[in-house]
Every structure is written in C-alpha cells, then in structure tokens.
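S.K.: Numbered continuously in full-length UniProt numbering, the sequence shown closes out at residue 744.
Glycine included, every Cβ here is placed at the ideal spot set by N, Cα and C.
Could you have a look at this structure, given as structure tokens, before my questions?
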Amino acid sequence: MTDDKSTMSSVEEDFENIGLLDVDSSLKPFKDHFKYRLKKYLDQKKLIEDYEGGLEEFAKGYLKFGFNREEDGIVYREWAPAAQEAQIIGDFNGWDGSNHHMEKDQFGVWSIKIPDADGNPVIPHNSRVKFRFKHSDGFWVDRIPAWIKYATVDPSRFAAPYDGVYWDPPLSERYEFKYPRPPKPKAPRIYEAHVGMSSSEPRINSYREFADDILPRIQENNYNTVQLMAVMEHSYYASFGYHVTNFFAVSSRSGTPEDLKYLIDKAHSLGLHVLMDVVHSHASNNITDGLNGFDVGQSSQESYFHTGGRGYHKLWDSRLFNYANWEVLRFLLSNLRWWLDEFKFDGFRFDGVTSMLYHHHGINMAFTGDYNEYFSESTDVDAVVYLMLANCLVHNILPDATVIAEDVSGMPGLGRPVFEAGIGFDYRLAMAIPDKWIDYVKNKKDYEWSMKEISSNLTNRRYTEKCVAYAESHDQSIVGDKTIAFLLMDEEMYSSMSCLTDASPTIDRGIALHKIIHFLTMALGGEGYLNFMGNEFGHPEWIDFPREGNGWSYEKCRRQWNLVDTDHLRYKFMNAFDRAMNMLDDKFSFLASTKQIVSSTNNEDKVIVFERGDLVFVFNFHPENTYKGYKIGCDLPGKYRVALDSDAREFGGHGRVGHDADHFTSPEGIPGVPETNFNNRPNSFKVLSPPRTCVVYYRVDESQEESNSANLGGVEESFAAADTDAIPDVSTENKEDAVVTDIL
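Set out below in structure tokens:
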C-alpha cells in the first residue's frame, strides 16, 4: 500500500517485536496474523499522514463536509459518488433546488457555496434542509445530509419523516462551557443512563431536566462517571438508540445540541466524567431518515456500506460499514472527534464490537477461548484496523479519555495498547457476569449456588486487560426480562416494601441478595463497575418503550424515583448500600488495585473470602448459617476493623455485626511458604459472618489511627467484643439492638 522504503524498514523491525506476544506467549503461533494486521494499520495510517496531513487532521472532516460557514457564505459538501445530479433544498428556497445545483469533483464529493445576502446567511439557523440527488435510474430522492448536526421530526404527525436542520446559533444562543474536564478517575464507577426515560413521569425527559434532577443523584451515590445512551439521533425510539440514523446529530427528542452541552458541563462541574455510547458497528436500515438512504445500489467503494450479505446484519436488520473505504474512515473518525471536541465528552463505550471483529458477527458462535476462534479468516481485519485507528485518535486528542469495548467474544489484545499490536481499548465489558447471575437467580435454589463457580466467573478475565464489571445493565431490564430485584422479590415488591411492617422472608432475602450480588460483582469482577439507572435501588418491573403492542405507552419507559425518595419504603436501603460501596472504593481505591487474591471458596459454608487491595472481603451466601469466630486468611498482620457491613441497619439489615471490634491477626505457618499457611495466606483473624451478608475489613494503621478515625468517621459503641470467639449468637431469631454506624 506504500512504497516508502524507510517506513517499511521500521515496520519490519516492529513486526519482529510485537509487544502483545511478550504479554501472552501463547499468542506466538498467531504471529503472522498480528504482523498482517499491524502492517495494514501502519500502511493505512501512513497513507492518511501522506494525503490528509495526519490522523488528527483527517478526523476534522466535519469542518469540510456538511454545512460550514466560510467567508461570506455557507459551503455545503456531501460525498455521494453514485449521484448523477445534486441540489440543496430546504425552507430557505421553498424546497426548490433548481437554483442551487451542486458540482461534483473527481472523488465523488458534491459541493455548493451559497453567498450571504445583505451580510446575512441565506439559510437561517434552525431551518430545515435536505440533500436532493438523482441516481442512475433517473429518479430524484431527498435525503438528510450525512453530516447534519441536528435533525427533527414533526411530533404532531405519526411516523413523519425527519428533516435535517441547519444548526448555527448566534453567539448569544450558543452554549459556552464553563467548567474544565475533571481529573480522570483511578477506576471508573459508571452510571449508565438513558436521558429520555429518566423522568418519573410517563414521557420523554430533556437534557436539561436530566442535568438538574438526575446528575445530583448520581453524584450523591458516589459514581464518578456517567455513560449516556441514545445520544446519536435515531428515528426509532424503541431501538434504545442503537439504530442510528444521523451520526453527528444529538437526539432531538430530549433537546438541542446546546442543551446537551449544558448537561455535560453540569456533569463536569459535579466532578463526573461523561462517556458516550457510540454506535459504529452498524447503521439503521432506515432509508428515509438515515445514512442508508445514500445507498442506491452502487458498488461498495462508492458507498458507506458493503454490498450484498456482507453489508447487512440479519439479526439487527441494519447496514454494515465498509471499514476499508477512505470516506467511511473519514466519516467515523471525524464522528469521534466531533463528540470529543464539540461536546466535551470524556470517552466512549463502543457498542457491538463483537459484530465488528468477525465476518460472522458472533451470530450462532459460542466462543470457547480457543485462540483459533479469534485469529483466522473469520476475523474482519478492516474493522480491527479501524478500531486501532479510532483508539489511537481518541487517546491522541484526549490522553485521559476512557474507551470501553462491548465485546462478548473475549478477543485477546482488545484491551492492550495499539503500539503492542493490541486494539487499544482501556476496558472491555465483562458481559458473562450478568448472564451467570440471571441464571442463578432464575434457575438455582440457594443451596445450589456454587461459590467456586461464582468466583471463577467473576475472575475469569485476561491478565493485564481491564474489565468493567456489572451485575445487570439495560440489557437485563428490557421487555421480556426482569431486573435482579424483580426476579428476587417479584410481586411482593408491590405490597411488602413498607418499613412500617416486618419484612417478609421474600423481601428480606431479596434485599440481602441484591446487595451482595452487586457488591461481589463490583469487588471481584473487574477494574471498573457499571450500574444501570435505577438498579441501584432495586427498580422493579422492566423497560418497555412505547410501541404498538403496548398502546404506545410510556408507563414502563420511565424511572420511579418516588420509590427511593419515600422514606418508609425499603428501596432506600439498597440505594444507601450502593452509595456506601462506591464510597468504599473512593476511600480505599480497591478497584484500581492489581492485588486480588481469592483465598477461600467454601461451597459447604457458602462463603467466599478474598483480598482486593488491602481490604479483606467476606461474603456469606448461606441462607441460614451464622458463623461465629470464622477464621479468614489475610496478607498483612495487624489490627482489622469493619469498613463496610451489608447487614447494618441503615442498609436494611439486622445489625448483627459489631463495628467497634478490633480483630487482631495471628501468624500462620512458615513465612514465605504458602503451603504451610492458612488458605495460602500468612496471617488470619476471626470474624462473625451472618447469613446473606458481606463484611469488609480494613487494616488499621496504628501509627495514624487517630487521624484515620477523624477522616473515616466515628465508630460508635456496640454489643460486639474484640474476641470474636466470644461473640454471642445474634441470629435473625435472637436479634439484639445495636447501634451501627459504618465508618464511611
């Protein structure tokens, strides 16, 4: 692809020193595959540098294509090589393009300059526009410009087509950012949110309402990152934003581009990073409103999409990009830069990455971990190269960006840097975790839960490749399925959530398991954590977007914040625990720690014990057994105290664990000889572990104990004694009142 001998010489040297193979030597049999894709990446990058001035300049396509103000006029450009003639039409010319014909260059780019009239633009701000062109059959069609920055629809007309909107507000109406991006968090604690369905009322919520009403909730629960779904314009609301029609336009249902800027600026003012759910894996099949309307049967090199079956996703009913096409690369890379530069997003969550990585798109494919499944003729190297370019671009523009891949296949190298021949993502979503929890909650009795299988599922991730763990996301809430809380408590959530009466066994079990399922996922499942809007307080029921089958109702397409805000309802307990577990990471940074050691998965006791950072976690899943003087292993000797207790009364628990007890370690075996230690740990201490609880212990730095106590909060007196062997049995049947104040 290039004849530059000096470049090729350095490339050959890189081929013999592929960093990814040093990280995982079992990849060495696939060295030729990595050499091939690395060469394609370097060749493509070199061509972009030679002909476009570099990757970052190439990604400024929105300054050339679409509508842009230039000296004394508006210039409009559109790549449409299949068009025979082209015009620009809109409100400004009465939808008659006879006086606004466009000219085509050798690369298939149509352009026109519309001079100002009396010093004012001929196309008014916020007026409707479309691209009209004639294709080879002689028919004229009207399409929304591919690079349009705003698109709207007449809400009074059912199934009305969208219109492109020329968006160039005067300075007085243009939102100016006031706050800088906050520092990048050590580990992302992500609140996944959908602006449209964030209202407590059965309607579509706005960006400004979300900013003013929902962002403070997210901050109060100690999340540090917001991930916004459905930002890119999509004509079909029930697609959850995944069938994008207009890639550079914000979803007009929730407001204008300036409104979205207000939201992001408000988030930054609260110390929150903002990620965007970006969809570059496919495009809506909608011809009238979307990019697919530019496909009129031309060859793949003259289209955004592949032709034939390769250009169509049969399960998603959507179009698939041709990632080898120069203008497609310009379009998609520019799209990323547009959202970063214009709206100040702090990164992306790439949707549908598995579909991109393979020609089979993961359809009917059960990935077993065999490396031949990842590196073969089934791999779409063009898409891999695009993702490498995308990650290189994003991190060059914004070094503190966070970029996450939604990939279910587990492709090795996905989360390693591009310079190692990795694909360059910072994190991948740990997508197997929610499936395992749903299986357990739906299909297994409590006594059948395997501690070893749960632990293995949570820790099954590639060394040096970071994961974002989650117990449930929007996927688990979609119509036809239920949230974890609703699976656990079902119809009793309608009648038995009042604190004014004793909790039923179902509610007691449900709240207890909801807390420890989410916390175990956070603590053991990855280097980041994600929660979907409302699940932090056990939102009941499911999500169902307005559609013909439900009478176009918004009743199940909202969030019932009143449930958590009502003081006498038990939803507040799950919300308080969610806040506390996020605060625990804020204080101890255990998610960012590379130290993760599981010392015990006792299936008979139904107990999992592990260390993350310098914290010791004890999870008891047994439905009945309280363990007094339960011996657990740890690394460092010293004195330990309770850092977080899911059984505290403030979290809807029974207050069975004393928080003022000092737990002193005892040495185990021969130092440095793990097989002589207790559960391979050099020290141990004893604890009380009630059923269906988690208790976290932190090591007291006795030299700074006084200042630590001041920083972490007071620990009030309780019934517990320091000698855990002497702790009385305070099971559910023999509760004693105890004042429990979590140190957080």
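1) According to DSSP, is N734 part of a helix, a strand, or is it coil?
2) Take I608 as the anchor and find which of E453, Y175, I670, G347 has the nearest alpha-carbon.
3) Which class does N708 belong to by DSSP, given the choice of helix, strand or coil?
4) Let me check understanding here. Comparing Cα to Cα, which of A643, N677, F678 lies closest to V700?
5) How is R203 classed by DSSP in three states: helix, strand or coil?
6) Alpha carbons only, please: which of T402, E448, Y440, K445 is nearest the one belonging to L429?
7) Throw me the rounded Cβ distance for the R208 and D346 pair, which I believe falls under 8 Å.
8) Are there three or more Cβ pairs, one per stretch, closer than 8 Å when the region 688-697 is compared with the region 610-630?
9) Within the continuous alpha helix (DSSP H) that includes Q219, where are the two ends?
10) Please identify the residue among Q301, L487, F532, T521 whose C-alpha is closest to the C-alpha of I507.
11) From which residue to which residue does the alpha helix (DSSP H) around T521 run?
12) Please check the pair N126 and W95, which I expect to be a contact at CB under 8 Å, by giving their CB distance rounded to whole angstroms.
13) Of the residues G290, I18, M489, which one's Cα is nearest the Cα of H243?
14) With a threshold of 16 other CB atoms inside 10 Å of the CB of D295, please say whether the residue is buried or exposed.
15) Between which residues of its own chain and S646 is the CB-CB distance below 8 Å, once the five residues before and five after are set aside?
16) Can you tell me whether A249 is buried or exposed? The criterion is at least 16 other CB atoms within 10 Å of its CB, across all chains shown.
17) Going by beta carbon distance, what residues of the same chain come within less than 6 Å of V23, once the five residues before and after it are set aside?
18) Give me the DSSP bridge partner(s) of S689.
19) Leaving aside the five residues before and after N679 along the sequence, list all residues of the same chain whose C-beta is less than 6 Å from its C-beta, in chain order.
20) Do Y162 and T245 have their C-beta atoms within less than 8 Å of each other?
21) Excluding the 5 residues preceding and the 5 following S198 in the sequence, name in chain order all residues of the same chain whose CB lies nearer than 6 Å to its CB.
22) Exposed or buried, which one is A720 when buried takes at least 16 other CB atoms within 10 Å?
23) Just to confirm my understanding: we take V441, look at its own chain, exclude 5 residues before and 5 after, and list those with CB closer than 7 Å. What are they?
24) Taking the straight line between their C-alpha atoms, what separation do you get for L228 and V274?
25) Among the residues of its own chain, which have a CB less than 7 Å from the CB of D259, if the five just before and after it don't count?
26) If you draw a straight line from the alpha carbon of D426 to that of S136, how long is it in whole angstroms?
27) With I48 as the anchor, note down where its alpha helix (DSSP H) starts and where it stops.
28) Alpha carbon to alpha carbon, how far is L584 from D605? Give it in angstroms, no decimals.
29) DSSP on S136, reduced to helix/strand/coil?
30) How is the alpha helix (DSSP H) around C499 delimited, first residue to last?
31) Can you have a look at H360 and say buried or exposed, based on whether 16 or more other CB atoms are within 10 angstroms of its CB?
32) Helix, strand or coil for F621? Go by DSSP, reduced to three states.
33) Rounded to whole angstroms, how far is the Cβ of N683 from the Cβ of L636, which I believe are closer than 8 Å?
34) Quick one: what does DSSP say F590 is sitting in, helix, strand or coil?
35) Does the beta-carbon of K266 have 16 or more other beta-carbons within 10 angstroms, so that it is buried, or is it exposed?
36) Please list the terminal residues of the continuous beta strand (DSSP E) segment that includes A193.
M.R.: In this structure, then:
1) Because the pLDDT at N734 is just 34, under 50, the model does not fix this residue reliably, and the point stays unresolved.
2) The shortest C-alpha to C-alpha distance from I608 to any of E453, Y175, I670, G347 is the one to E453.
3) Low confidence applies to N708: its pLDDT is 49, below 50, so where it sits in the model is not reliable enough to give any reading.
4) Minimum Cα-Cα distance from V700 among the listed residues A643, N677, F678 corresponds to A643.
5) In this structure, DSSP gives R203 a state outside helix and strand, which the three-state scheme calls coil.
6) That would be T402, whose Cα lies nearest to the Cα of L429.
7) Incorrect: roughly 20 Å between the Cβ atoms, too far for contact.
8) Inter-segment contact for the region 688-697 and the region 610-630 is present: three or more beta-carbon pairs are separated by less than 8 Å.
9) First-last of the alpha helix (DSSP H) with Q219: 215-220.
10) Per the Cα distances, L487.
11) Here the alpha helix (DSSP H) through T521 covers 505-524.
12) 17 Å between Cβ atoms; not a contact.
13) That would be G290, whose Cα lies nearest to the Cα of H243.
14) D295 is classed as buried because its beta carbon has at least 16 other beta carbons within 10 Å across all chains shown.
15) By the criterion of a C-beta distance shorter than 8 Å, S646 is surrounded in its chain by A512, K515, I516, F519, F577, G653, T693, C694, V695, once the five residues flanking it on both sides are discounted.
16) A249 comes out buried.
17) For V23, the CB contacts under 6 Å within the same chain, skipping 5 residues up- and downstream, are T464 in chain order.
18) Answer by DSSP bridge pairing, in chain order: Y627.
19) Non-local C-beta neighbours of N679 in its own chain, meaning closer than 6 Å and more than five positions away in sequence, comprise S599, S600, G633, ordered along the chain.
20) Closer than 8 Å, so yes.
21) Same-chain partners within the cutoff: N205, F210, I214, R559.
22) At A720, the pLDDT of 35 sits below 50, so the modelled position is not reliable; the number obtained from the coordinates is stated separately. Flag for A720 reads buried.
23) In the same chain as V441, and ignoring 5 residues on each side of it, the C-beta atoms closer than 7 Å to its own belong to I484, L487, L488, in chain order.
24) Taking the straight line from one Cα to the other gives about 7 Å.
25) Only S206, Y207, R208 meet the Cβ criterion.
26) Cα to Cα, D426 sits roughly 45 Å from S136.
27) Following the DSSP letters along the chain, one finds I48 inside the alpha helix (DSSP H) bounded by residues 31-52.
28) Each residue's alpha carbon lies about 26 Å from the other.
29) In the structure shown, S136 sits in coil (DSSP, three-state: anything other than H, G, I, E or B).
30) No alpha helix (DSSP H) contains C499, which DSSP labels as neither H nor E.
31) Classification of H360: exposed, given that the 10 Å Cβ count is below 16.
32) For F621, the secondary structure class from DSSP, reduced to helix, strand or coil, is coil.
33) Between L636 and N683 the Cβ distance is about 7 Å, and since that is below 8 Å, they are a contact.
34) Secondary structure at F590: coil, using DSSP grouped into helix, strand and coil.
35) Result: buried.
36) Start and end: 189-194.
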